[in-house]
Structure formats: structure tokens, C-alpha cells
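Protein chains in written order, with my numbering: chain A, 230 to 687; chain B, 230 to 687. Glycine included, each C-beta is placed from N, C-alpha and C at the ideal position. Report on one structure; see the data block that follows.
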């Protein structure tokens, strides 16, 4: 049995970094009381199923449908899976794929990939990138998955129209359903309509549903993340088990026993009382770098809110920053140690890399290399982790350590789920709505208006 | 002739976003005076060649050597170029490669790559990634380029030892020089020794020199960036011309005529007087996303300094954040518009994407898609850029617009060079040393000590 992920906030204690930057035992006690209140609210909301992300892992029926549909497409010989989606529709599967398959997965041979497809996540509308993807992925061997809850995401719809035309021209309209899957809101009377429904119906395209009570950035364990995950051969049951096991731990009302509450609580406390306006997510593993990216959306879009729930203007929100260890020791650590003490640095440690690379002893004549020779690359990344952690502490910078035994579907699901609960909890602490995003509408409105005006001019 | 890159700071003016967040005409005048002083200091330092990065582009001789050496390796049939380097040794070529070759370059066929090698930049010591790279790159077809000024970078030396052993085992020690190039400090009496010198000499490996007065993060136009660039078929003369042309513009003493001074000056002013502690770099082009990453090192490591030049503790340094348009509109813009008004958002606009993707008119029955159908993906990304820019301005957030006609060696060199001069200038304004990194030593020291202790225990 894989041990659960662990979180250690002790390096944020005032004993370690002083009262200007760290929490005191007394402040922690007060926080415990606040968390108790949040816990009650969350329990109530879970009861009425206000937010669906908590329980997505319990939906075995959807997993069964996903497996069935995936099998058909895999049997059909799909070699490329292309996600058309942006933001919450893209970041979850990107995080999962990088974690499980590792960087450079797309360069592996078909045999090395065990015949699972390459993955392309088209989360932008750069015409030169999109053109290249269309070249790299011949229609016959490609499955597209368009993801948008409302079907109104301009970027995704723009991509989809281009892809539909290409599929229609090369394979004919009746074969589009063999190369396109749509993930959108359910079609039901009390649900808002999705523009993707009429398109799916026109061509008889398979649809997956994003539950109405699940927002984009909380959707990784819905078909948004799980259908592509299954197409890539990931173990959906291990993902569900990871969620279930950490849900249990994150349902503990005790602050010091609950990793999600600890993460949320310490972030909140150090933001509000010690001026820590930036949250750095720094895994020491290439495989978790897109998890850091996923976290940046979750934390920024959920907690970056102008108004609190009482309607007061508070301009809330820590700025999340992704970093990568050991790489960014040579880029960001200078700032993190000597710049303004305005950051919490979340360092993720992976204990077992599934492989060990010995460093040969080649140069007895260069004693300066003694400390590396005869050891392993694993030893070095671990020492770098410890060294940086200690150096940050010496500079009175608050560090939260998240420890993962080894990267797998089970542990990554735990990490993502824990951060989702932490985000929802932080929303309660800040007294804001963590589940909307009113600030993105204005830009969309202006963009749409500019497009309409341009069209009229033509 | 390609027009120079342009910078527009007018959206940071108090007229647009109010005096709490924008600069006033009076403040700009005072800044002009400060910049005049900086300009004089920079002129003096350039005269005595205190910092070498300004003049790297003038070194035609080094470019000639690079071309000669590259030709040999290319004729030898090299299919993979693997950089062993971290921080400043990695970020520059990564930025150049993504800009010129675009994302997914490594997936192109040999013909599509015009027989130039794939590029792998190994800027970390994750054992599972490194193992995969060794598998993907058979020694016979691979050229390694180990880059470290001192030869003391633990990560790079660890990688190098593993690679040397692999090359020795598979090709024999005498053929190592056909598969490894070393870029390090010059070997001369008054230069500090590099641990890479004895290694290069043992195997007769070609060496390129990093001038002593050029630091890692300012080294992209030295052989650190240029040798890999030439191996990838980039036009080194266009890079040099881009540098030369923008050097001219960035040597103008007038604040309002000098893009580097404008960038530095407005960042400094809004940091010091309006609390803008975060600098977001947000290109609307996939090809510039690693340029944003390169900028994050440059800005963070240069300006994140505890002490000013008079020895006062000031804990200086804006936190740079990379973002990507339009993608991060669906991730970060909510925070940028509604969160704390503590950011300057640098938006980079690329006017010509070298291709245009028409959006077909497929669904006359869906009027909600009218604004996209019949236009182009290029129109949409431009409209998104404008919409987001306006929305940020409406929320009183300072935006700097950098405009690039089209991405090429010439324009990217301009952008990087301009940001280097801006960083050096910002160092002057903040009265700090922008060219050292004392804060990274402690972590290195502890890591080394841990490694030594571990070794003793074995």
C-alpha cells in the first residue's frame, strides 16, 4: 500500500523563522477555531451537493462509460489524441499526463507507448502552433476531444470549426464521429444549453457530461480529465482510490490532522498577518511541473476576487507562481532568499524516482568532484532539496513541504484532490466565492465586440 | 527591413489608470533625470568593458569558429543536440529554439527539420527524465554540449559524468570528442580555473569560451547560446544584426526614446511608488513562452538583492511571473483584474504569425458563433489581446505593450538584448549589483555538505 502524501508546515512556525514571518502557536490555535467553522460549512455544502468536485470519484458509472468508449477508439488504431480546450479543460489532463507519462512521452515509439496515443493539448489559438498540430496529426489516426462546458469558449469553438472542416474534407461528414468526442454540460431541461449539443447531434458524436455543479478548474476528475486519461492507459480505479483515501484524510475536522486545511490555513494566515502575497509551488520532479501549473489556475482564479461575500471590496488573492526544483535554484532562489519576504514556498519532494542513476567515479584527479562521484543523481536532487529548504529557512522564508512517496495515478490524484479541497477551504477563510470568475467576462465581451465590428467591415 | 520592436508604456499613465497605480507626467520627468544619471554610469562601464554582454554581438571571430565547428558536427550526421546546463546555460537557447523552431519541433521529421538535430535541454537532475533522454538519444547520433562557466555546477557535472561514462562505454574514449563540446571560462593565467578544462584536455574536446565579464543569465549571445543556435541552423548574422540595431536604440539617453530605459524605468517607478511588486511577462504567442521564462531568471536573479550598493538591507526585487496569452486568460486574468493591484502586466503582441488560419462558416444555424465564423484564428488572438488589454486598463492595472512585427532571429535578438539592457538599467535605478547572486551559495553549500556526509557514511 502506498502511503498517503504528507504535508509539513512546521518550517512556517515562528520558532523557525521568527514572528514577523511565521505563525505563533497562539495564532495556530485561533486558526483551528476558524477552520472548525469552515469545516461545518463545507459539510453542509457537501450534503446539498452544492459543489460537485468532492464526489466525482464516486461516479463509477461514468468511469465505465469512459472505459467502454475509449476501448472502441483504441481498437480503431488512434495514434494521436488532441484536446481542444483551454484553462480548466486543458490543465488537468496536462498535469496528469506529465506526471504519469513523464516529459518527452510524445517522442517515444509506439511500442514504448504500449500503443497508446500521443497527447496534444491545444490550449491556445496561436495559428502557427495549430497549423503544426494539424500537420503532425493525420485525421485518419487522430481523435479530437473538444471540451467546453457552455460551448461558448471562443478559443475552443474556433479550433473546433477548423478541425470539423478538416475532418469533413478528408474523411467525409459521416466519419466525423469516429474522430471527435465532445465533453460539455449535460443536455437536460434544467441545464443551460451548450452550443456543442447541436454540433454533436448533427454528426452523431459521442458526448461526455460535465456535471452542472463542477466548474472548469475543479473538473479534472470528471470526464474532462478522465476520458483522455483512460485513452492514455491510466488506471482510473487507482485515481478514484487516491481521491477516496485522501478525501477521508481531508474530511478530518482537526487542522493539524488535515493536509488540505493545513495548506489553506497556513496560506491564509501568512497572507493576512505576515504579508505573504505570493504562493510558490516548486516540485523537485519534472513530472510534477504541470501540476504546479494546474495549481496556479486553481489558486489564482478561485481566490483572486474583488468582493467578499458581504459585498465589500477587498481585492483578494495570493499570486501563485510555478517553479521547478532543482532547475529554478539557478533562476529564482536568489530572489526567494534575498528579495522581499512576501512568499510562501511550497516544496514538493518525491522520495522514489522509480529509477536510480549512478554517477561513475571517473576523475580521481579532480577532488572537487568527490562529493558527486560514486553517488547517484537521486542523492544529488535530494541533497539540493534539503539544502534549498534549509537555506530558505535560514533566511526566514516560510516553507511548506509536501512529500510524496512515488509518482503514480494514486498519489497524483491525492495531491490534486487535496489542493482542490484546500482551495475551497481557503475560499471560506477569505469569505469569498471560490467558484466563480466574474473578472474574465469583460475581456471576452470586448474581444467579441471587436470581432463583430471587424466582420461588419468586411 | 523588419521594423524594430516597440514598447508602449502609455497605459501605465495616471491619466489611464489613476494616480494610485499609474505614473504622473511629473513623476516621469523625475524619472528622466534619474535615467540620465544611469545612462552616464552605463556609458562609463561600457567603456571599461565592465560587463561584456553589451558587446557580444560584435565578436565576429567567435561566430566564425562556431560556424566552422558546427559544420563538422552537422556533416558527421548528428541528429540530437543535448545541452547539459542549468539556469543561464539553458534558458537562452531554450528561448531561442522555441521562438524560431516553435513548439513540437522535436516531433518533426528529419526532412521537416532540414536535417538539423532535435534539441534537448537538460536543465534538471530528475533521474527519470535523464534516463529517458539517454534512451532517446543514441550516442552515435548525439552531440552533447556541457555548459558551465566554473565547471563547478553540481547538476551539470553530475550529468556530464554519467554521459562521459556512457560515451566511453559505447564508443570508446578516443571518440568522445566527436560527441561532446564544452563551453566554459577561458583558460588563461588571470582567469579562475574551470573543472571542465582538465576534462576537455583529457579527451581532446572542443572548447568554447564564456568571456569572464559575462554572467550566466547574460550569456545568450555568447557561445552558450550561439553554438547550439548554429547547430540548429539559426542565422547568427541576423541575431548579431538584431542586437546591433537595438543596441543603437537602447543607447539613446532619452527615456521616452529608449525601450530598455522605458521598461526599466516604469517597472522601477511603479514598484517604488505604486506598490507593483510583481512583473508579469505575457506574450500572445506560443513561440515566446520560453522567452518569458528566460526573462523570469534575468529579472529575479539580477534584481532580487538583500543589500544595496551602500550596504543597506533593502530586500529588493519584483517577482517575475510568466504567463501566456490567450491561454492564461482562462487561468490568471481573474486574479490580475480582481486581485491585489500589485502587478505590472507586460503583454507582447506579435503582428504577423507567418500563417493565417481561416475559420470556416459551417453553422449558419448557430448565430452565437457568427463572430468567429468566416474570420481567422489570427483575428481571434488579436481581438483577445485587445480585449484583455482594455479590460485590465478598465480595472486600473498597469499594462506595458511590447510589439513585434514577426518572430525571427532578428526580432527575438532585439527583444532579449533590450531586456538585458533594461535589467542592467534597473540595477542602477535600484542601486544594487545586478550581476552577482550571493543568495544561491548557501543552499549549494548545504547540499554539498550533505553529499559529503553521505559519502563518508557509505
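Contact with chain A by residue 550(B), beta-carbon distance below 8 Å: yes
The segment 245–253 of chain A contacting the segment 498–512 of chain A, beta-carbon criterion three pairs below 8 Å: yes
Per DSSP, cross-strand counterpart(s) of residue 242(B): 252(B)
Residue environment, residue 689(A), which counts as buried when at least 16 other CB atoms sit within 10 Å: Within the shown structure, residues of chain A are numbered from 230 to 687, placing residue 689(A) beyond reach of any answer.
Neighbouring residues, chain B, relative to residue 241(A) (Cβ below 9 Å): Chain B residues near residue 241(A): none, gap ~18 Å exceeds 9 Å.
One or two residues paired with residue 542(A) in a DSSP bridge: 536(A)
Cβ neighbours of residue 546(A) in the same chain (closer than 6 Å, five flanking residues each side left out): 532, 533
Residue 507(A): contacting residues in chain B (beta-carbon distance under 7 Å): 548
Residue-chain proximity (residue 559(A), chain B), Cβ-Cβ < 8 Å: yes
Euclidean distance between Cα positions of residue 339(A) and residue 337(B): 16 Å
Residue 634(B), DSSP secondary structure in three states: strand
Proximal residues to residue 345(B) (C-beta, below 6 Å), its chain only, five neighbours per side dropped: 461, 462
Beta carbon proximity, residue 359(A) to chain B, threshold 8 Å: yes
Residues near residue 621(B) by beta carbon distance below 7 Å, same chain, minus five either side: 565, 566, 574, 628
8 Å Cβ cutoff met for residue 245(A) and residue 307(A): no
Any chain B beta carbon closer than 8 Å to residue 267(A): no
Neighbour flag for residue 666(B) against chain A, beta carbons, 8 Å: yes
Nearest residue (CA-CA) to residue 646(A), options 583(A), 681(A), 451(A): 451(A)
Buried or exposed by the 16-neighbour rule on C-beta atoms within 10 Å, applied to residue 402(B): exposed
CA nearest to the CA of residue 436(A), picked from 447(A), 448(A), 415(A): 415(A)
Listed by chain order, chain A residues near residue 436(B) by CB distance under 9 Å: Result: empty, since nearest Cβ-Cβ is about 16 Å, beyond 9 Å.
Close Cβ partners of residue 406(B) (< 6 Å) along its chain, the five nearest in sequence each way excluded: 432, 433, 434
Contiguous beta strand (DSSP E) assignments of at least 3 residues, all confined to the segment 422–509 of chain B: 435–438
Per-residue burial, residue 218(A) [other beta carbons within 10 Å of its own, 16 or more giving buried]: Nothing about residue 218(A) can be read from this structure; chain A reaches only from 230 to 687.
Neighbour flag for residue 659(B) against chain A, beta carbons, 8 Å: no
CB contact below 8 Å: residue 333(B) versus chain C: The chain inventory of the structure shown lacks chain C, comprising the protein chains A and B.
Residues that residue 570(A) contacts on chain B, provided the C-beta gap is smaller than 8 Å: 544
Identity of the residue in 631(B), 376(B), 680(B), 497(B) nearest residue 439(B) by Cα: 376(B)
Distance between residue 280(A) and residue 392(A) (C-alpha atoms, nearest Å): 33 Å
The alpha helix (DSSP H) enclosing residue 709(A), as first and last residue numbers: Residue 709(A) lies beyond the stretch modelled for chain A, which goes from 230 to 687, so this question has no answer here.
Backbone secondary structure at residue 351(B) - three-state DSSP: strand
Where residue 604(A) falls, given that 16 or more other Cβ within 10 Å makes a residue buried: buried
Counterpart residues of residue 373(B) in DSSP-defined beta bridges: 311(B), 409(B)
Residues near residue 659(B) in its chain [Cβ-Cβ closer than 6 Å; skip 5 each side]: 545
Reference residue 319(B); option with closest CA among 398(B), 550(B), 412(B): 412(B)
Chain B contact residues for residue 582(A), given Cβ-Cβ distances below 8 Å: 355, 356, 357
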